[in-house]
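J.: Line by line, the protein sequences give chains A and B. Numbered as in our numbering, the first sequence ends at 286 without a single skipped number. Numbered as in our numbering, the second sequence ends at 286 without a single skipped number.
Number of protein chains: 2
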Amino acid sequence: MKDTLDLLTHRGSIRKFSDKPIPEDVLHNIYKATICSQNYANGQQYSIIVVTDQKKKDFLYETTVSPTSGRGMSYIKKAPIFLLFVMDFNKIDRVMKKERVEMKIQDSLEALLIGSVDVGIAMQAATVAIANEGLGSVAVGAIRTSVKEIIETFELPKYTYPIAGLAIGYLDEGVSIVETPRLPLKSFLHDNSYSKAAFDELVDEYDVKMKEAYAIKGIADLTWSKFVSNYYGKPIYIEQIESYKKQGFKL
Amino acid sequence: MKDTLDLLTHRGSIRKFSDKPIPEDVLHNIYKATICSQNYANGQQYSIIVVTDQKKKDFLYETTVSPTSGRGMSYIKKAPIFLLFVMDFNKIDRVMKKERVEMKIQDSLEALLIGSVDVGIAMQAATVAIANEGLGSVAVGAIRTSVKEIIETFELPKYTYPIAGLAIGYLDEGVSIVETPRLPLKSFLHDNSYSKAAFDELVDEYDVKMKEAYAIKGIADLTWSKFVSNYYGKPIYIEQIESYKKQGFKL
Chain A
36 MKDTLDLLTH
46 RGSIRKFSDK
56 PIPEDVLHNI
66 YKATICSQNY
76 ANGQQYSIIV
86 VTDQKKKDFL
96 YETTVSPTSG
106 RGMSYIKKAP
116 IFLLFVMDFN
126 KIDRVMKKER
136 VEMKIQDSLE
146 ALLIGSVDVG
156 IAMQAATVAI
166 ANEGLGSVAV
176 GAIRTSVKEI
186 IETFELPKYT
196 YPIAGLAIGY
206 LDEGVSIVET
216 PRLPLKSFLH
226 DNSYSKAAFD
236 ELVDEYDVKM
246 KEAYAIKGIA
256 DLTWSKFVSN
266 YYGKPIYIEQ
276 IESYKKQGFK
286 L
Chain B
36 MKDTLDLLTH
46 RGSIRKFSDK
56 PIPEDVLHNI
66 YKATICSQNY
76 ANGQQYSIIV
86 VTDQKKKDFL
96 YETTVSPTSG
106 RGMSYIKKAP
116 IFLLFVMDFN
126 KIDRVMKKER
136 VEMKIQDSLE
146 ALLIGSVDVG
156 IAMQAATVAI
166 ANEGLGSVAV
176 GAIRTSVKEI
186 IETFELPKYT
196 YPIAGLAIGY
206 LDEGVSIVET
216 PRLPLKSFLH
226 DNSYSKAAFD
236 ELVDEYDVKM
246 KEAYAIKGIA
256 DLTWSKFVSN
266 YYGKPIYIEQ
276 IESYKKQGFK
286 L
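(1) Using a Cβ-Cβ cutoff of less than 7 Å, which residues in the same chain neighbour aspartate 128/A once the five nearest sequence positions on both sides are dropped?
(2) Could you tell me whether the Cβ atoms of lysine 92/B and phenylalanine 120/B are closer together than 7 Å?
(3) In chain B, which residues lie less than 7 Å from methionine 36/A when you measure between Cβ atoms?
(4) For phenylalanine 237/A, does the three-state DSSP call read helix, strand or coil?
(5) Going by DSSP in three states, valine 85/B sits in which element: helix, strand or coil?
(6) What residues from the region 41–56 of chain B come within 7 Å of chain A, judged by C-beta to C-beta, listed N to C?
(7) Which whole-angstrom value describes the C-beta separation of isoleucine 185/B and glycine 150/B, a residue pair presumed to lie in contact below a C-beta threshold of 8 Å?
(8) Return the residue from the list Thr69/A, Ala202/A, Ala68/A, Thr103/A that minimises the CA-CA distance to asparagine 265/A.
(9) What residue ranges within the region 135–215 of chain A form continuous alpha helix (DSSP H) runs of no fewer than 4 residues, ordered along the chain?
(10) Could you say if the region 215–230 of chain B and the region 69–87 of chain A meet the contact criterion of at least three C-beta pairs nearer than 8 Å?
(11) When the Cα of valine 154/A is compared with those of Phe124/A, Ile140/A, Ser181/A, Thr180/A, which residue comes out closest?
(12) List the endpoints of the continuous alpha helix (DSSP H) containing valine 263/B.
(13) What are the residues of the region 176–203 of chain A that lie near chain B, defined by any Cβ-Cβ distance shorter than 8 Å?
(14) One question on the structure: do isoleucine 49/A and valine 163/A come within less than 7 Å of each other, judged by their Cβ atoms?
(15) For a test of the three-state rule: what should DSSP assign to methionine 36/A, helix, strand or coil?
(16) Pick from Arg106/B, Tyr96/B, Ala202/B: whose alpha carbon is nearest that of methionine 158/B?
(17) Tell me the DSSP secondary structure of methionine 23/A in three-state form.
(18) Quick check: the Cα distance between tyrosine 249/A and glycine 176/A, rounded to an integer number of angstroms?
(19) Would a check of beta-carbon distances place lysine 92/A closer than 7 Å to chain B?
(20) Which two residues bound the contiguous alpha helix (DSSP H) that contains histidine 63/A?
(21) With a threshold of 16 other CB atoms inside 10 Å of the CB of glycine 169/A, please say whether the residue is buried or exposed.
(22) So, are the CB atoms of glutamine 275/A and valine 136/A less than 7 Å apart?
(23) Report the CB separation of glutamate 277/A from arginine 46/A in whole angstroms; it is logged as a contact under 8 Å.
(24) Rounded to the nearest angstrom, what separates threonine 69/A and alanine 161/A at their Cα positions?
(25) Quick one: residues in its chain with C-beta nearer than 8 Å to the C-beta of glutamine 80/A, no 5 flanking neighbours on either side, listed in chain order?
(26) When the distance is taken between beta carbons, is proline 115/B closer than 7 Å to glycine 204/B?
(27) Checking contacts by CB at 7 Å: is tyrosine 291/B closer than that to chain A?
(28) What does the Cβ neighbour count give for arginine 106/A, buried or exposed, with the cut at 16 atoms within 10 Å?
(29) Select from Pro216/A, Tyr279/A, Ala232/A, Lys51/A the residue whose C-alpha is nearest the C-alpha of glutamate 187/A.
(30) I'd like to know whether the C-beta of arginine 217/B is nearer than 7 Å to at least one C-beta of chain A.
(31) Could you tell me whether the Cβ of glycine 268/A comes closer than 7 Å to any Cβ of chain B?
(32) Tell me where the beta strand (DSSP E) around aspartate 54/A begins and ends.
(33) From tyrosine 110/B to leucine 191/B, what distance separates their C-alpha atoms?
(34) Let me confirm a value: valine 243/A is counted as buried when at least 16 other C-beta atoms fall within 10 Å, else exposed. Which label applies?
(35) So, does the CB of alanine 76/A fall closer than 7 Å to a CB anywhere in chain B?
(36) Taking just the CA atoms, how far does glutamine 89/B sit from proline 219/A?
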């Protein structure tokens, strides 16, 4: 039996998976943990596309580009299963049509907030359950580089939108969890109102720590400050707003 | 030691808290688990306002209205701690100014997706850690009814936005976890492409189950289909888009 706190605090994304198939009972535990997680108003407004078809995994690999490296992410095609998490107000709409009530949620920003927070929650529940079963996973927000193609390929209907993915599988031979250091705890916490003090004081300390972590990965002279500055200095996934609107949502 | 799968699958929100204070080491474990969770590009773009000031909890109670009941939620003021989860690109902007790079992320829909998925993930990690420590919690998305007032009261700067809250504490005497039934697992899962079949077949079965669950709570003649139809038949939190834009974000 694994210690829950240990699973939560000593974690890391896995990007190299073995070919070992995932037994049905293990998958059942993972899926069950996922859907039991909290969600907005018990609307359960998300769906999971279980991608096992190699052609579809290859498609996802080919269309999804890492904004960090500008390259494809081979773990998407190599993982035995890729879970595509989709915000899903289509099923709510179907229920409401049956009840003869017109759905309104799609007309406001709130739909996206409900959908994406709920996907975050479900994905994290899945991630913890996956680690508890001795498997590894990596979340892929970069599927949003190719929302248009994904909607087509996975036949996502109106009032649905792909939010993120999770590549899962057993760890490849020799692979182990590498923990990424986080900003100091104090820098996240604000005492009753927002304060800039803690973060500004602690970021230099974190830059030193991350410089060492990058160096171990073979990247010289990179700090966290430089990394985020490079990352957020250019617009990303800007085309997706058109796809979002095409799926029937307003902002 | 608690079984992780059990914590994930046999869960329920807690809405009645005891006055028992939460020890520092317990809080440390909860916060540590939260910040160790996965996040987008290691940007760690969120902050947590730890609300312990009774006046501020009272304020949150008074301004936050449950869209279900139309009333306030007393657990917000009675919980010893209310964690307000805030999407935070302000700290990223400060880092980038130091690096002399202009931040661009706030100009696209993607900012909201990154921020709200990450808050969902962090909040779920917190929730599991809270349960593991023997405490209870309830997530409060309804803080978005009063985003404008919250931004003012908690002095949330430009490029931040309050996404959700988590009321936490020890369970009040006589209170135990009540599990809410979920839609059947099969109805969430789609085999390689979206299919309406499973959900449409299984929703009637779930309506029967939820009718019984509502009856136990003293609500007669309510099904899940009726509940969501009532809930999503009216626009909710529509004013928030103005606050969102005022915080410096574009869509």
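Glycine residues also receive a C-beta, built at the ideal position from the N, C-alpha and C atoms.
T.: Taking the structure as given:
(1) By one-based count along the first sequence, residue 128/A stands at place 93. Once the five neighbours on either side are set aside, the close Cβ partners of aspartate 128/A are Met138, Tyr194.
(2) Walking along the second sequence from the start, residue 92/B turns up at place 57. Walking along the second sequence from the start, residue 120/B turns up at place 85. No, the Cβ-Cβ distance between lysine 92/B and phenylalanine 120/B is not below 7 Å.
(3) Position 1 of the first sequence, counted from the start, is the residue given in the question as residue 36/A. Chain B residues near methionine 36/A: Met36, Asp38.
(4) As a first step, residue 237/A must be located in the first sequence, where it is residue number 202. According to the sequence as given, residue 237/A is leucine; it is not phenylalanine. Looking at leucine 237/A - three-state DSSP - the assignment turns out to be helix.
(5) In the second sequence, counting from the first residue as 1, residue 85/B sits at position 50. Strand.
(6) For the region 41–56 of chain B, which is checked against every Cβ of chain A, the residues closer than 7 Å are Leu42, Leu43, Thr44, Arg46, Ser48.
(7) Against the second sequence, residue 185/B aligns to sequence position 150. Against the second sequence, residue 150/B aligns to sequence position 115. The distance from the Cβ of isoleucine 185/B to that of glycine 150/B is about 15 Å, inconsistent with a contact at the 8 Å cut-off.
(8) Reading the first sequence from its first residue, position 230 is the one you call residue 265/A. Looking only at Thr69/A, Ala202/A, Ala68/A, Thr103/A, the smallest Cα-Cα distance to asparagine 265/A is reached by Thr103/A.
(9) Qualifying alpha helix (DSSP H) stretches, in chain order: 145–167, 182–188.
(10) Under the three-pair Cβ rule at 8 Å, the region 215–230 of chain B counts as touching the region 69–87 of chain A.
(11) Walking along the first sequence from the start, residue 154/A turns up at place 119. Of Phe124/A, Ile140/A, Ser181/A, Thr180/A, the residue nearest in Cα terms is Phe124/A.
(12) Position 228 of the second sequence holds residue 263/B. Counting along the chain, the alpha helix (DSSP H) containing valine 263/B begins and ends at 259–266.
(13) In summary, the residues of the region 176–203 of chain A whose CB is separated from some CB of chain B by less than 8 Å are Gly176, Arg179, Thr188, Phe189, Glu190, Leu191, Pro192, Thr195, Ile198, Ala199, in the order they occur in the chain.
(14) As a position in the first sequence, residue 49/A is number 14, starting the count at 1. As a position in the first sequence, residue 163/A is number 128, starting the count at 1. No, Cβ-Cβ distance for isoleucine 49/A and valine 163/A is not below 7 Å.
(15) Locating residue 36/A in the first sequence gives position 1, where the first residue counts as 1. Coil.
(16) Working through the second sequence from its first residue, we reach residue 158/B at position 123. If you compare the alpha carbons of Arg106/B, Tyr96/B, Ala202/B with that of methionine 158/B, the shortest gap goes to Ala202/B.
(17) Absent from the structure is residue 23/A, since the part of chain A shown begins at 36 and ends at 286.
(18) Position 214 of the first sequence, counted from the start, is the residue given in the question as residue 249/A. Position 141 of the first sequence, counted from the start, is the residue given in the question as residue 176/A. If you take the alpha carbons of tyrosine 249/A and glycine 176/A, they lie about 21 Å apart.
(19) Position 57 of the first sequence, counting from 1, holds the residue named residue 92/A. Taking 7 Å as the CB threshold, lysine 92/A stays off the interface with chain B.
(20) Along the first sequence, one-based indexing puts residue 63/A at 28. It spans 59–71 - the alpha helix (DSSP H) in which histidine 63/A sits, taken as one unbroken run.
(21) Residue mapping note: residue 169/A aligns to position 134 of the first sequence, counting from 1. Exposed: under 16 other Cβ atoms inside 10 Å.
(22) Taking the first residue of the first sequence as position 1, residue 275/A is located at position 240. Taking the first residue of the first sequence as position 1, residue 136/A is located at position 101. Result no, Cβ atoms of glutamine 275/A and valine 136/A do not sit closer than 7 Å.
(23) By one-based count along the first sequence, residue 277/A stands at place 242. By one-based count along the first sequence, residue 46/A stands at place 11. No, glutamate 277/A and arginine 46/A are not in contact; Cβ-Cβ is about 36 Å, not under 8 Å.
(24) Here residue 69/A refers to the residue found at position 34 of the first sequence. Here residue 161/A refers to the residue found at position 126 of the first sequence. Distance between the alpha carbons of threonine 69/A and alanine 161/A: 5 Å.
(25) Reading the first sequence from its first residue, position 45 is the one you call residue 80/A. Within the same chain, and ignoring the five residues on either side of glutamine 80/A in sequence, the residues whose Cβ sits closer than 8 Å to its Cβ are Asn74, Met122, Asp123, Phe124, Lys126, Ile127, Ile149, Gly150, Asp153.
(26) Numbered from 1 along the second sequence, position 169 holds the residue referred to as residue 204/B. Numbered from 1 along the second sequence, position 80 holds the residue referred to as residue 115/B. Yes, Cβ-Cβ distance for glycine 204/B and proline 115/B is below 7 Å.
(27) The structure shown does not extend to residue 291/B, since chain B is modelled only from 36 through 286, so no value can be given for it.
(28) Mapped onto the first sequence, residue 106/A falls at position 71. Around the beta carbon of arginine 106/A, a 10 Å sphere encloses fewer than 16 other beta carbons of the protein chains shown; the residue is thus reported as exposed.
(29) For the purposes of this step, residue 187/A is taken as the residue at position 152 of the first sequence. Cα-wise, what sits closest to glutamate 187/A is Tyr279/A.
(30) Residue numbering aside, residue 217/B sits at position 182 when the second sequence is read from its first letter. Chain A, which has a Cβ nearer than 7 Å to the Cβ of arginine 217/B, makes this yes.
(31) Counted from its first residue, the first sequence places residue 268/A at position 233. Yes, its Cβ sits closer than 7 Å to a Cβ of chain B.
(32) For this step, residue 54/A is matched to residue 19 along the first sequence. No beta strand (DSSP E) holds aspartate 54/A; DSSP gives it neither H nor E.
(33) On the second sequence, position 75 is the one that residue 110/B refers to. On the second sequence, position 156 is the one that residue 191/B refers to. Looking at the backbone, the Cα of tyrosine 110/B and that of leucine 191/B are separated by about 23 Å.
(34) Position 208 of the first sequence holds residue 243/A. The C-beta of valine 243/A has fewer than 16 other C-beta atoms within 10 Å across all chains shown, which makes the residue exposed.
(35) Start at 1 with the first residue of the first sequence, and residue 76/A comes out as number 41. Contacts with chain B at 7 Å (Cβ-Cβ) include alanine 76/A.
(36) Numbered from its first residue, the first sequence carries residue 219/A at position 184. Numbered from its first residue, the second sequence carries residue 89/B at position 54. A straight-line Cα-Cα distance of about 27 Å links proline 219/A and glutamine 89/B.
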